[in-house]
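Participant: Protein sequences, first through last, are from chains A and B. The first sequence begins at 1 in the numbering used here and counts up by one. The second sequence begins at 1 in the numbering used here and counts up by one.
Protein chains: 2
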Amino acid sequence: MLDLELSKPDPRQSARDYVYDMLRDNIIRLKLKPGQPLSENELAAKLRISRTPIREALARLSQEQLLEVLPQRGTYVSLIDLDQVEEARFVREQLEPAVARAACERFASDHLVQLEMNVLLFEKFVGEKNYAKLFGLDIQFHETLFAGGGKERTWKIVNAMNAHLSRIRMLSLASEFNWSTIVAQHRAIVEAISGRNPDEAERIMKEHVTLILQDQEALVRKFEGFFKPR
Amino acid sequence: MLDLELSKPDPRQSARDYVYDMLRDNIIRLKLKPGQPLSENELAAKLRISRTPIREALARLSQEQLLEVLPQRGTYVSLIDLDQVEEARFVREQLEPAVARAACERFASDHLVQLEMNVLLFEKFVGEKNYAKLFGLDIQFHETLFAGGGKERTWKIVNAMNAHLSRIRMLSLASEFNWSTIVAQHRAIVEAISGRNPDEAERIMKEHVTLILQDQEALVRKFEGFFKPR
DNA sequence: CTCCGCATACTTGTATACAAGTAATACAAG
DNA sequence: CTTGTATTACTTGTATACAAGTATGCGGAG
Chain A
1 MLDLELSKPD
11 PRQSARDYVY
21 DMLRDNIIRL
31 KLKPGQPLSE
41 NELAAKLRIS
51 RTPIREALAR
61 LSQEQLLEVL
71 PQRGTYVSLI
81 DLDQVEEARF
91 VREQLEPAVA
101 RAACERFASD
111 HLVQLEMNVL
121 LFEKFVGEKN
131 YAKLFGLDIQ
141 FHETLFAGGG
151 KERTWKIVNA
161 MNAHLSRIRM
171 LSLASEFNWS
181 TIVAQHRAIV
191 EAISGRNPDE
201 AERIMKEHVT
211 LILQDQEALV
221 RKFEGFFKPR
Chain B
1 MLDLELSKPD
11 PRQSARDYVY
21 DMLRDNIIRL
31 KLKPGQPLSE
41 NELAAKLRIS
51 RTPIREALAR
61 LSQEQLLEVL
71 PQRGTYVSLI
81 DLDQVEEARF
91 VREQLEPAVA
101 RAACERFASD
111 HLVQLEMNVL
121 LFEKFVGEKN
131 YAKLFGLDIQ
141 FHETLFAGGG
151 KERTWKIVNA
161 MNAHLSRIRM
171 LSLASEFNWS
181 TIVAQHRAIV
191 EAISGRNPDE
201 AERIMKEHVT
211 LILQDQEALV
221 RKFEGFFKPR
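This is the structure we're talking about:
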């Protein structure tokens, strides 16, 4: 059975983009399980649109390794690939601190305001233990950091590579109990940027991205079928 | 008029992938000029296949910012965007030295052989001033470096971001007269890796990727219509 | 000569029909 | 019961038809 979290289609965006956004969100949020089969026809019927825009969305998701398309056999949600998670971590460890440092030289003021707002909201939801909101805010924080320094394209690829890690975090949303550490680091980073302290910004960000998921092995055991064997 | 460099279609790969590879190569090598319009129908007629796989290839190239698709208006080869070139340089400055360092810890031996072969060929073609071959070998060198350390996905995104810079280099192929510096650095990097000297590998690679195109401003003036105004 | 309006020939977006290949299942033979 | 085979119902890949929007050029009005 196909159970999708549908958002209202925006008439400004094409059917292809709608399908892409909707499916990606469902994959990241694990509404679609790793390994689960998807049928183009079934999607077309469910969404009441033709296969063409669906195919184009699926092709893009396959390109980003969130789907596996086997010709004449089927399309499946990719299993979580720990190698890919490791590689994403490597990329982030290089790029995020450098972006934080660069942000101390040049950063759009409106984006700085956005960062401060983000931290405030973050602290609010930490208190409320609203993990879903925290998850979204965390991603938004980093996106804003990249955008403020004019590195939107860099963010897009970092975000794309991070998809498999995002799913692991989704598995452990409730048990990811270091939200307060995360928000403290976010706050410190914002302060370092507004105070134009590049060494500090870089150092904290480096710590931040090396914050490791404590219980990764336990998760792999618990949700064995979701992971690609290696 | 549409003048494409066609390679023989490989029956193993899908029509979509064939079109993608062929068009990307033609764009990078400037056989297709920046700003030039492309028509799906014209491509379909020329390649004797239907619009569907062509559309899917165009969508991917658009995603990678090598094409600009304006709904109901037309599809155009992207102008060279200097902002994007700058951002690609930023990403490479972070990732390439880190990859070179990591390669000193762990590197597949067959890829090391490939690197040595690459340098030998490189030196041969420097002597022969075969710039087209040098261009290809240069890209291959970096690809092999990433692959040897198990960072194929990272290479893919670096390569994708680098497309606009590649076109600038293509504009100045003949006048890019520092090929001997480039090959010397390549050789030094290979030696640092096989000698497991991470500091040296990282340092040389950092120099290598900051090697700047001397005459960029002159190129922008000479080929003004190829560049996105900023 | 200038400018406005409409017809027309494009463009890409979407829908649908057909082709080709895979997997599973029912069924018969041993 | 086991095994091999053929049928059938899927899958994705490709081709084509239609829809909707845009630019261009021609012709007439002012």
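No residue lacks a Cβ here, since even glycine has one placed at the ideal position from N, Cα and C. Fair warning: this is a prediction, and the values are worked out from it, not measured in the lab.
Please list the partners that K46 (chain A) has in chain B, where partner means a Cβ-to-Cβ separation under 8 angstroms.
Facilitator: Going along chain B, no residue has its Cβ under 8 angstroms from K46 (chain A), so there is no contact; the nearest lies around 22 angstroms.
Participant: Do we get a CB-CB distance below 8 angstroms when we pair K151 (chain B) with the residues of chain A?
Facilitator: True, the Cβ-Cβ gap to chain A drops below 8 angstroms.
Participant: Nearest CA to the CA of G127 (chain B): which residue from B:K151, B:Q114 and B:V183?
Facilitator: Comparing Cα positions, the closest option is B:V183.
Participant: Taking Cβ positions, are N178 (chain B) and A88 (chain B) nearer each other than 8 angstroms?
Facilitator: No, these two residues do not count as a Cβ contact at 8 angstroms.
Participant: Taking Cβ-Cβ distances shorter than 9 angstroms, what residues in chain B pair up with M161 (chain A)?
Facilitator: Neighbours of M161 (chain A) on chain B, chain order: R153, T154 and I157.
Participant: Taking 8 angstroms as the CB-CB limit, is E87 (chain B) close to chain A?
Facilitator: Judged by the 8 angstroms Cβ criterion, E87 (chain B) is in contact with chain A.
Participant: Quick check: R48 (chain B) and V209 (chain B), are their CB atoms within less than 8 angstroms of each other?
Facilitator: For R48 (chain B) and V209 (chain B), no; Cβs fall outside 8 angstroms.
Participant: Under 7 angstroms Cβ-Cβ, which residues of chain A neighbour Q94 (chain B)?
Facilitator: Simply Q94, L95 and A98.
Participant: Any beta carbon from chain A within less than 8 angstroms of V113 (chain B)'s own beta carbon?
Facilitator: For V113 (chain B), the answer is no, since every Cβ of chain A falls outside 8 angstroms of its Cβ.
Participant: Going by C-alpha to C-alpha distance, which of B:A98, B:E152 and B:Q65 sits closest to I27 (chain B)?
Facilitator: Of the candidates B:A98, B:E152 and B:Q65, the one whose C-alpha sits nearest the C-alpha of I27 (chain B) is B:Q65.
Participant: Kindly list the residues whose CB is nearer than 8 angstroms to the CB of S180 (chain A), restricted to its own chain and excluding five residues on each side of it in sequence; keep chain order.
Facilitator: Around S180 (chain A): V126.
Participant: If we ignore side chains and look at the alpha-carbon of each, how far apart do L43 (chain A) and K33 (chain A) end up?
Facilitator: L43 (chain A) and K33 (chain A): Cα-Cα distance of roughly 15 angstroms.
Participant: Is A59 (chain A) close to chain B? Criterion is C-beta to C-beta, closer than 8 angstroms.
Facilitator: True, the Cβ-Cβ gap to chain B drops below 8 angstroms.
Participant: Would you say E56 (chain B) lies against chain A (beta-carbon separation less than 8 angstroms)?
Facilitator: Chain A contact via Cβ: present.
Participant: Does any residue of chain B bring its CB to less than 8 angstroms from the CB of Q13 (chain A)?
Facilitator: So, not an interface residue.
Participant: According to DSSP, is F107 (chain A) part of a helix, a strand, or is it coil?
Facilitator: The answer is coil: DSSP assigns F107 (chain A) none of H, G, I, E or B.
Participant: Please confirm whether V19 (chain B) has its beta-carbon closer than 8 angstroms to some beta-carbon of chain A.
Facilitator: Chain A, which has no Cβ nearer than 8 angstroms to the Cβ of V19 (chain B), makes this no.
Participant: Which of the three DSSP states is assigned to I249 (chain B) in this structure?
Facilitator: The structure shown does not extend to residue 249 (chain B), since chain B is modelled only from 1 to 230, so the question has no answer here.
Participant: Just tell me which of B:R24, B:L58, B:D25 and B:K31 has its CA closest to the CA of E40 (chain B).
Facilitator: The residue with the shortest Cα to Cα distance from E40 (chain B) is B:L58.
Participant: Under a CB-based cut-off of 8 angstroms, is Q84 (chain A) close to chain B?
Facilitator: True, the Cβ-Cβ gap to chain B drops below 8 angstroms.
Participant: So what's E128 (chain A) in DSSP terms, helix, strand or just coil?
Facilitator: DSSP places E128 (chain A) in helix when its eight states are reduced to three.
Participant: Between the stretch 92 to 109 of chain B and the stretch 199 to 209 of chain B, do at least 3 Cβ pairs fall closer than 8 angstroms?
Facilitator: The stretch 92 to 109 of chain B vs the stretch 199 to 209 of chain B: in contact.
Participant: What separation, rounded to the nearest whole angstrom, lies between the Cα atoms of Y18 (chain A) and A15 (chain B)?
Facilitator: Answer to the nearest angstrom: the Cα atoms are 25 angstroms apart.
Participant: Does the beta-carbon of V246 (chain B) have 16 or more other beta-carbons within 10 angstroms, so that it is buried, or is it exposed?
Facilitator: No answer is possible for residue 246 (chain B): it lies beyond the span of chain B, which begins at 1 and ends at 230.
Participant: Please tell me whether P53 (chain B) and M205 (chain B) are closer than 8 angstroms, where the distance is taken between their beta carbons.
Facilitator: No, these two residues do not count as a Cβ contact at 8 angstroms.
Participant: So is V91 (chain A) in contact with chain B if we call contact Cβ pairs under 8 angstroms?
Facilitator: Yes, contact with chain B.
Participant: For F223 (chain B), which of helix, strand or coil comes out of DSSP?
Facilitator: Of the three classes helix, strand and coil, the one that applies to F223 (chain B) here is coil, per DSSP.
Participant: DSSP state of E116 (chain B), grouped into three classes?
Facilitator: The answer is helix: DSSP assigns E116 (chain B) an H, G or I state.
Participant: Closest to R187 (chain A) by C-alpha separation, out of A:F227, A:F141 and A:D215, would be which residue?
Facilitator: Nearest C-alpha to R187 (chain A): A:F141.
Participant: Classify G148 (chain A) as buried or exposed, calling it buried when 16 or more other Cβ atoms lie within 10 Å of its own Cβ.
Facilitator: So G148 (chain A) ends up on the buried side.
Participant: Would Q292 (chain B) count as contacting chain A if we go by Cβ distances under 8 angstroms?
Facilitator: No information on residue 292 (chain B) is available, as it lies outside the stretch 1 to 230 that chain B covers here.
Participant: Using a Cβ-Cβ cutoff of less than 6 angstroms, which residues in the same chain neighbour F226 (chain A) once the five nearest sequence positions on both sides are dropped?
Facilitator: These residues qualify, in order along the chain: P34 and I80.
Participant: Find the nearest neighbour of S109 (chain A) within the set A:I212, A:V220, A:L171 and A:G150, judged by alpha-carbon distance.
Facilitator: When each option's Cα is compared against that of S109 (chain A), the closest is A:G150.
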